[in-house]
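Those letters in the sequence shown? Residues -3 to 106, by the numbering used here.
A virtual CB, placed ideally from N, CA and C, is assigned to each residue, including glycine.
Contents: one structure, followed by commentary.
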Amino acid sequence: MCTIICAENDAYAKTLAQFYRQGLDVEAVKNMMHSFGVDMDGKNNAMVERSQNAFMTHTAIGSPETCYRQLSDLLRSCELDGVMLIFPDYIKGLKIFGDEILPKLRAEFG
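Given below as structure tokens:
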């Protein structure tokens, strides 16, 4: 899975990511982690660290070009055949992905 936070430029995308992080529901995350059998109190492992960052997935943050490069790197380094994408603003994110990122990925991997 990969969360994509894409905006017209890297700086604005980073601002959006920080905005989303500020909305983290800490209690909900603790309850979810507890349901996974993970006790977050006093623990420091990769899953706990990801949960405290608000995005529990790989995250591509930036302009369409930056997000393309990050996704390309992910697909190459992890030897994935596919990836599930998450867009915080689904309609806008999906349009940007389809118009500006997917064609480049198809050209590279297709």
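Asked                                                                                          : Found
Pairwise C-alpha distance: G78 and I97                                                         : 15 Å
Boundaries (first-last residue) of the alpha helix (DSSP H) holding I87                        : 86 to 92
Candidates C63, L12, G19: closest to I92 by CA position                                        : C63
Cβ distance (whole Å) where I82 is taken to contact A9 below 8 Å                               : Between A9 and I82 the Cβ distance is about 15 Å, and since that is not below 8 Å, they are no contact.
Contacting residues, own chain, Cβ-Cβ under 8 Å from L71 (five flanking each side not counted) : V79, L101, F105
Range covered by the beta strand (DSSP E) that runs through T55                                : 54 to 58
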